[in-house]
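Participant: Okay, handing you the structure first.
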Amino acid sequence: MTAAVHRAAFHRAILLCLLAGAPFAACAERAHYALDPVHTRVLFSVSHAGFSQALGTVSGSTGTLDFDPDDLRSAHVEASVPLPRLELGDEKWNRAAKKLLEADAHPRALFVSTRVEPIDATHATVIGTLTLNGISQEVRLDVTFNQLRRHPLPPFRRTAGFSATATLSRKAFGITDWPSVIGDAVQLRIEAEAVRARGSVAEDLDENLPPPEALQLPPDENLPPPPQPGDASEPPASP
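Going by our numbering, 722 is the number at position 2 of the sequence shown; the sequence numbering is gapless.
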């Protein structure tokens with residue numbers, strides 16, 4: 721692609737953004753992302769009667785992210801965590817945990833950020849409202865920004881990666897059963913990937929760029945196509 725064609729694509733995307741009513745700065749810099757439900761996972765641990773830390777995961781989270789790596793303070797995230805996908809490694813414990821969380825009545829935990837407090841270029845505290853079991857509380861996430869670059873597999877979408885940790889009190893969300901068996905403090909670890917939303921200016925520009933040079937290799941016919949954000953199908957049995 722020539723520089724002239726690339727400039728024309730940029731100007732066309734900027735014009736469409738401005739016609740939609742967005743300010744120029746937002747058109748030029750701010751990007752919108754969708755959480756990748758296959759590569760976003762919540763790991764939790766909680767005391768099992770003091771004997772060990774029971775470990776579980778929840779996969780399939782969805783949501784949106786507004787993100788400018790040069791201005792972490794302006795970031796905004798909304799995430800929905802599907803509690804019926806909770807997995808403790810044992811079907812009886814899965815059923816018991818979902819009953820404890822009242823997952824039938826409240827099948828999703830919702831997090832909406834309210835502000836971001838940057839620490840340095842790759843670390844920030846994200847404060848927001850978590851709604852769990854029908855109760856909303858402010859929580860703080862310690863977030864690490866891992867990287868932002870085009871994904872090395874087709875369709876080469878721009879992808880941002882994050883790791884985060886937090887500690888919750890289950891009692892604060894009205895989850896009080898089995899106090900002699902299950903601890904109150906719940907440790908969270910979150911690994912998240914977010915893919916640049918189609919239709920954004922930056923994504924339009926990405927689609928006009930050739931693939932990275934390192935990717936000029938014959939395709940591996942045995943490699944399954946990468947999952948897309950919004951695909952709720954189960955991941956393959958082996959990586």
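Built from N, CA and C at the ideal position, the CB exists for glycine as well.
Is residue 890 helix, strand or coil by DSSP?
Facilitator: coil
Participant: Looking only at C-alpha atoms, which of 805, 753, 817 and 766 sits nearest to residue 909?
Facilitator: 766
Participant: Expressed to the nearest angstrom, what Euclidean distance is found between the alpha-carbon atoms of residue 901 and residue 895?
Facilitator: Residue 901 and residue 895: Cα-Cα distance of roughly 13 Å.
Participant: Quick one: what does DSSP say residue 922 is sitting in, helix, strand or coil?
Facilitator: Confidence at residue 922 is low in this model, with a pLDDT of 49, below 50, so its placement is unreliable and the value that follows should be read with caution. Residue 922 falls in the helix class under three-state DSSP.
Participant: For residue 817, does the three-state DSSP call read helix, strand or coil?
Facilitator: helix
Participant: Using a Cβ-Cβ cutoff of less than 6 Å, which residues in the same chain neighbour residue 868 once the five nearest sequence positions on both sides are dropped?
Facilitator: 789 and 880
Participant: Enumerated in chain order, which unbroken segments of the alpha helix (DSSP H) with a length of 4 residues or greater are wholly contained in the stretch 789–833?
Facilitator: 811–820
Participant: Is residue 741 helix, strand or coil when you go by DSSP?
Facilitator: A caution first: residue 741 carries a pLDDT of 49, below 50, which makes its placement in the model unreliable, though a value can still be read off. Residue state, collapsed to three classes: coil.
Participant: Between 883, 791 and 819, which lies nearest to residue 804 when the distance is taken from Cα to Cα?
Facilitator: Ranking 883, 791 and 819 by CA distance to the CA of residue 804 puts 819 first.
Participant: Report all residues from its chain with a CB closer than 7 Å to the CB of residue 780; omit the five preceding and five following residues, and keep chain order.
Facilitator: For residue 780, where only same-chain residues beyond five positions count, the Cβ hits under 7 Å are 757, 802, 805 and 952.
Participant: Residue 799 to residue 771, Cα distance in whole Å?
Facilitator: Each residue's CA atom was taken as its position, placing residue 799 and residue 771 some 32 Å apart.
Participant: By Cβ distance below 6 Å, which residues in the same chain neighbour residue 884 in space, the five residues on each side in sequence not counted?
Facilitator: 861, 863 and 910
Participant: In the DSSP assignment, the beta strand (DSSP E) including residue 786 goes from what residue to what residue?
Facilitator: 782–787
Participant: Can you have a look at residue 873 and say buried or exposed, based on whether 16 or more other CB atoms are within 10 angstroms of its CB?
Facilitator: exposed
Participant: Going by the DSSP bridge assignment, what does residue 840 pair with across the sheet?
Facilitator: 843
Participant: Taking buried to mean at least 16 other C-beta atoms within 10 Å of its own C-beta, is residue 922 buried or exposed?
Facilitator: For residue 922, the predicted structure reports a pLDDT of 49, less than 50, and the residue's modelled location is therefore unreliable. The matter cannot be settled from this model.
Participant: If you check the beta carbons only, do residue 854 and residue 871 fall under 8 Å apart?
Facilitator: no
Participant: So is residue 841 buried or exposed if we call it buried at 16+ other beta carbons inside 10 Å?
Facilitator: exposed
Participant: Check whether the Cβ atoms of residue 851 and residue 821 sit closer than 8 Å, and answer yes or no.
Facilitator: no
Participant: Have a look at 783, 824, 856 and 787 and flag the residue whose alpha-carbon is nearest the alpha-carbon of residue 838.
Facilitator: 787
Participant: Taking residue 817 as the reference, give the member of 777, 792 and 795 with the closest Cα.
Facilitator: 777
Participant: Between which residues of its own chain and residue 875 is the CB-CB distance below 7 Å, once the five residues before and five after are set aside?
Facilitator: No residues qualify anywhere along the chain.
Participant: Nearest-angstrom Cα distance between residue 833 and residue 797?
Facilitator: Counting only the Cα atoms, residue 797 lies some 6 Å from residue 833.
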